[in-house]
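Heads up, the working numbering is the position in the first sequence plus 59, with the first residue counted as 1.
Backbone N, C-alpha and C fix where the C-beta goes; we use that ideal spot for every residue, glycine too.
Everything on this sheet refers to the single structure shown next.
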Amino acid sequence: MPELPEVETVRRGLVPAMEGAKIAGVEQRRADLRFPFPDDFAGRLGGRTITALARRAKYLLVHFDDGLVLICHLGMSGSFRVETAHDAMLAGEFHHPRSRDTRHDHVVFHLERDGAPGAHVVYNDPRRFGFMLFSHEKELDRHPSLAGLGVEPTGNALDGALLSALLHGKRTSLKAALLDQRLIAGLGNIYVCEALWRARLSPERLATSITAAGGKATVRSERLAAAIRAVIADAIAAGGSSLRDYVHADGSLGYFQHAFAVYDREDEACTRPGCHGIVKRITQAGRSTFYCSTCQC
DNA sequence: ACTACTCCCTGCCAGC
DNA sequence: TGCTGGCAGGGAGTAG
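Here it is as structure tokens:
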């Protein structure tokens with residue numbers, strides 16, 4: 060589910076309720092998600108004030124006033140939603156328009172602000188591939204989940220030369236290489252497919268084939284780096300992609316899924332002007348790849 | 001060191 | 001109307 064643009068959208072959606080708020084209490088409704096919750100999870104969070112919400116790749120980072128950091132990963136099906144006390148009351152009594160499936164509400168953060176009860180932030184995750192772990196600001200970069208992550212595809216850091224250097228010598232497919240979080244951190248199945256289509260490059264091409272010795276930029280690496288940055292920026296601007304039940308923290312939907320050129324568009328006509336190809340679906344590394352074999356080569 | 005494959009878990013949808 | 005199989009935004013762990 061959530062790739063970088065979705066996590067960034069979630070982060071922005073949670074900021075108003077969470078930044079500057081104090082944790083009044085935490086309901087932890089099961090012992091584990093993908094991993095066991097840290098010991099005394101609720102106890103360690105209670106009474107702390109949230110100073111900032113940050114993001115690294117697909118990780119949401121909740122910073123507290125004493126340097127504690129809660130590292131959250133949403134896995135495939137995780138989501139957060141913000142409920143006001145009023146929402147919670149209505150949901151209990153009526154079918155509230157914004158109510159949703161609460162079967163997999165695993166964690167509820169009760170917030171307070173200026174001593175008054177604030178919002179509830181609820182973590183829901185049907186498949187439980189998500190997880191929450193603790194770290195500390197001073198050792199965050201060395202945390203096992205974050206230490207090996209590659210470059211962010213936001214901003215201008217990822218250019219043709221860097222991409223060429225990262226992919227040089229990689230004998231795997233271009234698709235698999237772009238999914239490797241150690242190289243570029245934050246891309247997932249959707250945005251890799253979309254970036255490759257924008258760059259007119261085949262997902263089946265050998266990753267090293269778009270590079271030059273010494274990591275010098277090539278026409279193709281420049282094109283792909285630009286496509287990756289653009290698709291991520293466009294998706295963030297659109298509020299991410301809403302597939303199935305994925306919604307923003309405030310319950311609204313992102314709309315980038317309407318802009319997909321190839322993802323989940325098997326058998327549809329390629330929309331590139333002048334191209335008369337049909338979008339195909341193939342399986343790479345056990346996951347679906349969507350692309351146009353006519354214009355992507 | 002790399003690369004490839006399996007598995008974790010639940011829900012949903014198409015096809016029978 | 002069931003049932004069944006396949007598939008889904010991810011990544012850790014293991015085996016070559």
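For this session: Could you pull out every unbroken alpha helix (DSSP H) segment of at least 4 residues lying fully inside the stretch 218–287, listed in chain order?
Result: 219–226, 233–238, 248–257
Exercise. Can the beta-carbon of K81 be found less than 8 angstroms from the beta-carbon of R107?
Worked result: In this structure, R107 lies closer than 8 angstroms to K81 by Cβ.
Exercise. Helix, strand or coil for R70 per DSSP?
Worked result: helix
For this session: Could you say if the stretch 250–258 and the stretch 229–241 meet the contact criterion of at least three C-beta pairs nearer than 8 angstroms?
Result: yes
Problem set entry | Neighbour-count burial assignment, P61, 16 or more Cβ in a 10 Å radius | Burial is judged here by how many other beta carbons sit within 10 angstroms of a residue's own beta carbon; P61 has at least 16 and is buried.
Exercise. Between R115, T342, L129, D173, which lies nearest to N248 when the distance is taken from Cα to Cα?
Worked result: T342
Problem set entry | Buried or exposed (CB count within 10 angstroms, at least 16 for buried), G345 | exposed
Exercise. Around the C-beta of N183, are 16 or more other C-beta atoms found within 10 angstroms, so that it is buried, or is it exposed?
Worked result: buried
For this session: Give every residue of the same chain whose Cβ lies closer than 8 angstroms to the Cβ of Y206, excluding the five residues on either side of it in the sequence, and list them in chain order.
Result: The residue you asked about is not Tyr; residue 206 is Ala in the sequence shown. Once the five neighbours on either side are set aside, the close Cβ partners of A206 are D200.
Exercise. From E198 to D124, what does the alpha carbon distance come to, in whole angstroms?
Worked result: Straight-line measurement puts the Cα of D124 at about 15 angstroms from the Cα of E198.
Exercise. Helix or strand or just coil, what does DSSP make of P95?
Worked result: P95 sits in a strand when the DSSP states are folded into three classes.
Exercise. What three-state label does DSSP hand P176 in the structure shown?
Worked result: strand
For this session: Take the Cβ of G228 as the centre, count every other Cβ of all protein chains shown within 10 Å, and call the residue buried at 16 or more, exposed below.
Result: exposed
Exercise. R241 to I291, Cα distance in whole Å?
Worked result: 18 angstroms
Exercise. Residue range of the beta strand (DSSP E) that R89 falls in?
Worked result: Careful: R89 lies outside any beta strand (DSSP E) and carries neither H nor E.
Exercise. Tell me which same chain residues have a C-beta within less than 8 angstroms of the C-beta of T110, skipping the five on either side of it?
Worked result: Non-local C-beta neighbours of T110 in its own chain, meaning closer than 8 angstroms and more than five positions away in sequence, comprise E78, G79, H122, F123, D124, ordered along the chain.
Exercise. How is the alpha helix (DSSP H) around L104 delimited, first residue to last?
Worked result: 100–104
Exercise. Who are the Cβ neighbours of E65 in its own chain at under 6 angstroms, not counting the five residues just before and after it?
Worked result: G299
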